[in-house]
Amino acid sequence: MSSSVSQADVLTLGYSFCPNDTFIFHALHAGLVAAPLPVREVLEDVQTLNEWAVSGRLPMTKISYRAYFSVMREYVALRSGGALGRGVGPLIVTREEVSDLNGKVVVSPGALTTAELLLRLVYPQVQVVRLRYDEVMPAVQRGEVQGQPVHAGLIIHESRFTFPQYGLLKHLDLGAWWEGETGLPLPLGAILVKRDLPERMKVALNAAVRSSLEYAYAHPEAARGYIRQHALEMSDEVMQAHIDLYVNPFSLDVGQEGERAVRELHRRAVEVGAVEATDLPLFVDLP
0 MSSSVSQADV LTLGYSFCPN DTFIFHALHA GLVAAPLPVR EVLEDVQTLN EWAVSGRLPM
60 TKISYRAYFS VMREYVALRS GGALGRGVGP LIVTREEVSD LNGKVVVSPG ALTTAELLLR
120 LVYPQVQVVR LRYDEVMPAV QRGEVQGQPV HAGLIIHESR FTFPQYGLLK HLDLGAWWEG
180 ETGLPLPLGA ILVKRDLPER MKVALNAAVR SSLEYAYAHP EAARGYIRQH ALEMSDEVMQ
240 AHIDLYVNPF SLDVGQEGER AVRELHRRAV EVGAVEATDL PLFVDLP
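Residues 0 to 286 (numbering that gives the first Met the number 0) make up the sequence shown, in order.
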């Protein structure tokens, strides 16, 4: 075995509190599907998982695609378990109408999020202040962060369903912008494993993640308590809407169209100097 795990180990898997992740991974975490190793879950917000990946902390982890592009030497993406799609993009929200955000202050959920990469593709001269994703809307509502004026916020996850409750306006749907630019689905998050794992282990982990999602589809009530436990103060309606939006056929397998979308996002990230070019394979090679 490799340096990442040994046969006697429990494999640590990091993912977020969001309903799409807890829905996908419940069966794997609960031992309801076959896996090459027992799995211990660690739940954290996406920016923390992104930062952990930079230091190679976990052998298997959910991560933003933007962050993945910075850790490709150490990690490779599974084909299953990720988040891509149409109508799933982050939103830019404001307290009042704003025509152009170049030069303005926007609150972001993290430097390594796909959302911030998209923001910079649209508004290359934006000024960014970073907060945890669930603190973004309150900051925009207040109009300031630590005494600094705030003009807009970049929201992800369930916030796209709840921003009207804060009296905020949708300035731009970055997913719609991406689809209009490329005609492709938007890559948001991937499940990564260490590249130094044996190929058979990577293939088996991909199969385990896919089986976990297939179990969730076949037994939708099995994960309900687990999802609710981690869904913070989300209503049942928002919780289900979140799953319906972010879990889709691309979550079972990224597919050829999903691969093209990831390659295009990587190309644009390289083009603007956000990441370096690479010829490493983006996804685990399945037999």
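Just so it is clear, CB atoms sit at the ideal spot from N, CA and C, and this is done for glycine as well.
Should the region 58 to 73 be regarded as contacting the region 104 to 111, the criterion being three or more beta carbon pairs within less than 8 Å? yes
Measure the CB-CB distance between Phe-282 and Ala-33 and report whether it falls below 8 Å. no
Roughly how many whole angstroms lie between the Cα atoms of Asp-252 and Leu-185? 14 Å
Does the Cβ-Cβ distance between Val-92 and Val-149 come in under 8 Å? no
First through last residue of the alpha helix (DSSP H) which encompasses Met-238: 235 to 245
Collapsed DSSP secondary structure at Ser-158 in the structure displayed: helix
Beta strand (DSSP E) containing Glu-198: first to last residue? Per DSSP, Glu-198 belongs to no beta strand (DSSP E); it is in the alpha helix (DSSP H), 198 to 217.
Under 8 Å between C-beta atoms, does Leu-196 make it to chain D? Although the question refers to chain D, the structure presented lacks it and comprises just one protein chain.
So, under 8 Å CB-CB, Glu-40 and Tyr-14 are touching, yes? Tell me the CB distance rounded to an integer number of Å. 7 Å
Could you tell me which of Glu-258, Val-246, Glu-43 sits nearest to Arg-209, measuring between CA atoms? Val-246
Whole-Å CB distance - Gly-146 paired with Met-136, under 8 Å assumed: Incorrect: roughly 19 Å between the Cβ atoms, too far for contact.
So, for Trp-177: in the same chain, excluding its five sequence neighbours on each side, which residues have a beta-carbon less than 7 Å away from its beta-carbon? Gly-88, Leu-117, Leu-185
Following the continuous alpha helix (DSSP H) through Arg-262, name the residue where it begins and the one where it ends. Where Arg-262 is concerned, the enclosing alpha helix (DSSP H) stretches over 254 to 270.
Among residues of its own chain, excluding the 5 on either side of Val-53, which ones have a beta-carbon nearer than 7 Å to its beta-carbon? Ser-69, Val-70
My output table needs one value for Gln-6: the three-state DSSP class, helix, strand or coil. Caution is warranted here: a pLDDT of 44 is assigned to Gln-6, below 50, making its placement in the model unreliable, and no coordinate value can be reported.
If you draw a straight line from the alpha carbon of Gly-174 to that of Leu-90, how long is it in whole angstroms? Roughly 8 Å between the two C-alpha positions.
Strictly by DSSP, which residues pair up with Ser-107? Arg-129
Run of the alpha helix (DSSP H) containing Val-70, from where it starts to where it stops: Counting along the chain, Val-70 falls outside any alpha helix (DSSP H), and DSSP gives it neither H nor E.
Separation of Val-38 from Lys-61, as counted between CA atoms: Computed Cα separation, rounded: 14 Å.
Helix or strand or just coil, what does DSSP make of Phe-22? helix
Run through DSSP, which three-state label would Ala-138 get? helix
Should Ala-189 be labelled buried (16 or more other beta-carbon atoms within 10 Å of its own) or exposed? If you draw a 10 Å sphere on the C-beta of Ala-189, you find 16 or more other C-beta atoms in it, and that means buried.
Taking all protein chains shown into account, decide if Met-0 is buried (16 or more other Cβ within 10 angstroms of its Cβ) or exposed. Residue confidence for Met-0 is low, a pLDDT of 42 falling below 50, so the modelled location carries little weight; the figure read from the coordinates is stated next. Around the C-beta of Met-0, fewer than 16 other C-beta atoms lie within 10 Å, and the residue is accordingly described as exposed.
Would you decide whether Arg-317 is buried or exposed? Buried here means 16 or more other CB atoms lie within 10 Å of its CB. Any property of residue 317 remains undetermined from this structure, which presents the chain solely from 0 to 286.
Suppose contacts are defined by Cβ-Cβ distances below 8 Å. Is Phe-211 in contact with Phe-24 by that definition? Phe is not the amino acid found at residue 211; the sequence shown has Ser there. Yes, these two residues count as a Cβ contact at 8 Å.
Which whole-angstrom value describes the C-beta separation of Glu-263 and Leu-183, a residue pair presumed to lie in contact below a C-beta threshold of 8 Å? 6 Å
Can you check whether the CB of Tyr-214 is closer than 8 Å to the CB of Ala-82? no
Please report the distance separating the alpha-carbon of Asp-278 from that of Val-97. Going by the C-alpha atoms only, they are around 40 Å apart.
Considering only C-alpha positions, which residue in the set Glu-43, Val-144, Ala-29 is nearest to Ala-230? Glu-43
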